[in-house]
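Notes follow once the structure below has been shown.
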Ligand code: AHM
Ligand code: MG
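In the working numbering, the protein residues as written are 8 to 288.
Set out below in structure tokens:
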């Protein structure tokens, strides 16, 4: 997998440069979830495809921006699922965004995920790399190279509440959960980008990020293969938890379709316990 990790670093530098110098605004096309694609979404996807084509270990790629799986190298043993540029609704307003990669072996369920990496493009470029069975590792770009900073461990409890989705469509029990966190001193930290929002919770040691099912979108918005499962591995290996609205670990997900979504909750143990109580699971 080392070769794949090196290529992801190369991709990160290219996408960072693209964000800083590329054209803003929408393209004329939309992806399979129906979102109109930004020019940056499409170009980031092209950068990744081109680089991954040259990696013999990768058998296929599945991108948030492509309808179907793309077969690459028949000798490869890994499938890489990725969201090339997460944060389409905020990148043109100069907020932090990210790229998310899940590396799967032998199948496309949460249990088949062997490693996940995400990159944050913010005031600094940072990376969290998580291999199944070990603590996530935090890197930062210094002198044009990713430099290892530390391993990441979450606390039992945090202070941040990052509640996603449209509030007017929340179910009453979800509304109660979010309000009770605020009533207990939690602070709102929500940028609209899951990468920086989850990154902050992870590095500050705890809190809750939620993207629930709502009356208009009962299965939530965030996608299993590219967003939810990769972040679940990171949070769980850091000592936190990641569950769906039934209380099931997000690493147990078995998506039926490539672009399936699920309600999701990522956090430290105390906050996830509160989610379970609120959802009676
Ligand atoms: P995207 O992949 O089209 O950028 O959508 C995913 C993003 C996440 O980063 C973020 O958590 C969520 O959408 C925000 O959605 P909302 O604006 O509905 O809260
Ligand atoms: Mg996304």
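All residues carry an ideal CB built from backbone N, CA and C; glycine is no exception.
Cβ distance (whole Å) where residue i is taken to contact residue j below 8 angstroms
| i | j | result |
| --- | --- | --- |
| residue 168 | residue 194 | 7 angstroms |
| residue 140 | residue 212 | In fact, because the Cβ distance is near 21 angstroms, the residues do not count as touching under 8 angstroms. |
| residue 42 | residue 95 | 7 angstroms |
Same chain, Cβ closer than 6 angstroms to residue i, five either side skipped, listed in chain order
| i | result |
| --- | --- |
| residue 286 | 252 |
| residue 51 | 22, 91, 92 |
| residue 125 | 105, 107, 135, 202 |
| residue 282 | 272 |
| residue 26 | 128 |
Coarse secondary structure for residue i, derived from DSSP in three states
| i | result |
| --- | --- |
| residue 73 | coil |
| residue 150 | coil |
| residue 133 | strand |
| residue 19 | helix |
| residue 200 | coil |
| residue 4 | The shown model of the chain, from 8 to 288, leaves out residue 4, and the question about it has no answer. |
Chain-order list of residues whose beta-carbon lies under 8 angstroms from that of residue i (same chain, five-residue window excluded)
| i | result |
| --- | --- |
| residue 119 | 111, 112, 113 |
| residue 89 | 55, 68, 69, 70, 71, 106, 107, 108, 109, 233 |
| residue 267 | 226, 230, 231, 232 |
| residue 228 | 171, 172, 218, 268 |
Close-in-space but distant-in-sequence residues of the same chain around residue i (CB under 7 angstroms, 5 per side omitted)
| i | result |
| --- | --- |
| residue 31 | 99 |
| residue 156 | 145, 146, 147 |
Cross-strand partners of residue i (DSSP beta bridge)
| i | result |
| --- | --- |
| residue 12 | Partner(s): none; residue 12 has no beta bridge. |
| residue 176 | Bridge partners of residue 176: none, in fact. |
| residue 216 | 169, 273 |
| residue 105 | 93, 127 |
If we count Cβ pairs, one from each stretch, closer than 8 angstroms, do we get three or more for the region 205–216 versus the region 264–284? yes
Spell out a yes or no on whether the region 84–98 and the region 50–69 are touching, meaning 3 or more CB-CB pairs, one atom from each, closer than 8 angstroms. yes
Within 8 angstroms, do at least three Cβ pairs link the region 125–138 to the region 42–60? no
For the structure I just gave you, are there three or more beta carbon pairs, one from the region 195–204 and one from the region 153–172, closer than 8 angstroms? yes
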